[in-house]
Amino acid sequence: MKKKFSLLTAAVISGSLLLAGCGKQAASGDANSSTAPKTEVAQTGPITINPAIQDKQILGKGPNGEAPVSAKTLQLTEDDIAKIKQGHYKAAIVMHYTGNDYSTAQINALKATFARMGVEVIAVTDAQFKAEKQVSDIETVLAKKPNIIVSVPVDPVSTAAAFKKAADAGVKIVFMDGVAKGLEPGKDYVSMVTGDNAGNGAAAAEIMGKELGGKGKIGVIFHDADFFVTAQRTAAFEETIKTKFPNIEIVARGGITGPNDGEKVASAMLTKHHDLDGIFAIWDVPAEGALAAARTAGKNKLVITSTDLGTKVGMEIASGGIVKGVGAQLPYDQGVTEAMAAGYALLGKPVPTYIASPAVEVTKENVLDSWKLVYGQNAPDVIKKAAK
């Protein structure tokens with residue numbers, strides 16, 4: 001398997017970032033909505049990610065070509081936790097945007113895990129996908145003198161100086177899903193924690209191939225930006241289609257620059273290619289747009305696959321609709337891992353510079369179980385109802 005992805009990893013290592021841990025917008029847009037993930041971690045024993053998560057090969061490599069280390073290998077013992085509590089440390093969470101299932105899961109996990117560690121969360125910021133706002137957020141946060149910053153850089157280049165300033169001030173930086181340009185792992189930042197984005201893209205391709213019976217014409221909606229994570233997803237999807245499903249032809253490719261561009265791009269594809277059998281959309285919000293375009297065009301037999309499990313695509317998958325499945329991240333457990341990585345750094349313990357959680361292939365058959373694994377709680381009623 002690793003040989004199959006050698007071209008993929010070479011293609012994306014030069015990129016640097018992520019936009020998307022781009023879970024779907026919660027129905028109310030409220031982090032406290034009924035779909036919000038759990039907010040507890042065990043109050044006794046060691047801190048680990050969910051032991052029910054399967055050990056699976058992680059396909060993607062890190063932004064500097066690092067071999068991945070599984071999040072399942074990290075653990076903070078009770079002695080570790082006690083030592084961290086003695087430091088009375090402070091942490092800030094500097095997000096790319098909030099108010100979606102993915103971000104809510106990450107924030108809840110970080111808050112809960114830091115609370116168990118005795119680390120005070122002094123700020124949670126929302127850059128609203130604007131690099132200049134994130135730079136301002138970092139400046140504001142630094143005035144509060146945090147020991148830790150956990151962040152998704154909105155743009156790898158224009159935010160780099162601000163993150164370097166934080167690093168030079170001695171702040172332990174843990175990145176989620178991408179790194180700022182020019183910062184050195186192990187020196188300027190502790191680690192990058194992410195899902196297996198290559199694995200997620202490959203899972204979406206496997207679902208597409210099976211649903212189409214190994215033949216047909218498809219389009220790809222990719223993220224037209226310098227983001228490490230989304231580049232891995234697209235490259236893995238396309239390489240898996242080409243190597244495992246040679247009778248499926250990618251006849252259209254269209255880029256998006258924002259999460260709400262999916263419908264426009266998908267509509268253009270369906271107008272130009274009336275015989276299109278499927279569309280891969282880079283994450284679930286653009287997939288929602290592709291779904292809307294398919295319905296408008298009367299393409300009820302179109303097959304859509306994506307990455308990230310959000311409420312609307314979860315409902316569509318559960319009901320056996322046009323969206324047939326996704327390769328999903330584990331955002332709650334990634335948040336736990338980010339806090340653990342910060343704890344390792346505070347203790348002076350060596351930290352892997354690229355940590356990933358395994359990919360989860362989600363289809364109608366396992367969507368309810370997958371939701372619980374991804375978000376740490378039962379699927380919301382709207383998905384349960386759709387599954388019936």
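Going by UniProt numbering, the letters in the sequence shown line up with residues 1 to 388, in that order.
Even glycine gets a Cβ: it sits at the ideal position worked out from N, Cα and C.
Distance between V174 and L309, taken at the CA atoms: about 24 Å. Contact check for A345 against V190 passes: the beta carbons are separated by less than 8 Å.
Nearest Cα to P63 within the set K165, V193, K242: V193. CA-CA distance, D80 to G314, rounds to 38 Å. Assignment of alpha helix (DSSP H) within the stretch 150–219, counting only whole runs of 4 or more residues, yields 160–168, 197–211 in chain order. Beta-bridge partners of G321 (DSSP): none assigned.
Fully contained in the stretch 40–105 are the following alpha helix (DSSP H) runs of length 4 or more, in chain order: 78–86. Across the structure, P146 and V323 are spaced so that their CA atoms are roughly 42 Å apart. Taking C-beta separations shorter than 7 Å and ignoring five residues to either side along the sequence, the partners of E316 in its chain run L291, I322, V323, following chain order.
In the structure shown, A127 adopts coil according to DSSP, grouped into three states. The C-beta distance from V141 to G178 rounds to 18 Å, too long to fall under 8 Å, and the pair is not in contact. A direct Cα-to-Cα measurement between L74 and D381 gives close to 33 Å. Each of Q54, H223, I49 was checked against the Cα of V360, and the nearest Cα belongs to Q54. Between I149 and T353, the alpha-carbon positions lie close to 15 Å from each other. With 16 or more other Cβ atoms from the protein chains shown falling within 10 Å of its own Cβ, Q334 counts as buried. The three-state secondary structure of I282, taken from DSSP, is coil. Residue Y332 holds the alpha-carbon nearest to the alpha-carbon of N108 among Y332, P259, E239, S151.
Assignment of V141 by DSSP, reduced to helix, strand and coil, places it in the helix class.
DSSP, read as helix, strand or coil, puts F227 in coil. V326 has S306, V362 as its beta-bridge partners, per DSSP.
Going by C-alpha positions, A180 is about 22 Å away from K90. By a beta-carbon distance limit of 8 Å, G201 does not contact A162. Their separation comes to about 30 Å. In this structure, the straight-line span from the alpha carbon of A71 to that of V367 is close to 23 Å. DSSP lists G195 as the bridge partner or partners of S357.
Pairwise C-beta distances place the stretch 294–312 out of contact with the stretch 119–134, as fewer than three of them are shorter than 8 Å. C-alpha of A342 to C-alpha of E239: approximately 34 Å in a straight line.
Here DSSP, grouped into helix, strand and coil, assigns A252 to strand. The beta carbon of E249 is closer than 6 Å to those of K217 in its chain, skipping five residues each way along the sequence. DSSP, reduced to helix, strand and coil, places V336 within a helical segment of the structure shown.
With contacts defined as CB atoms closer than 8 Å, D196 and P358 qualify as a contacting pair. Cβ neighbours of L302 within its own chain (closer than 6 Å, five residues either side excluded): A294, I322. Per DSSP, the beta bridge partners of E120 are K90.
Contact check for T257 and A225: beta-carbon distance about 6 Å, within the 8 Å limit, so the pair qualifies.
Taking C-beta separations shorter than 6 Å and ignoring five residues to either side along the sequence, the partners of G182 in its chain run A160, following chain order. Between I47 and R116, the beta carbon gap of about 6 Å places them in contact (Cβ cut-off 8 Å). In the three-state reduction of the DSSP assignment, F222 falls in the strand class, which pools E and B.
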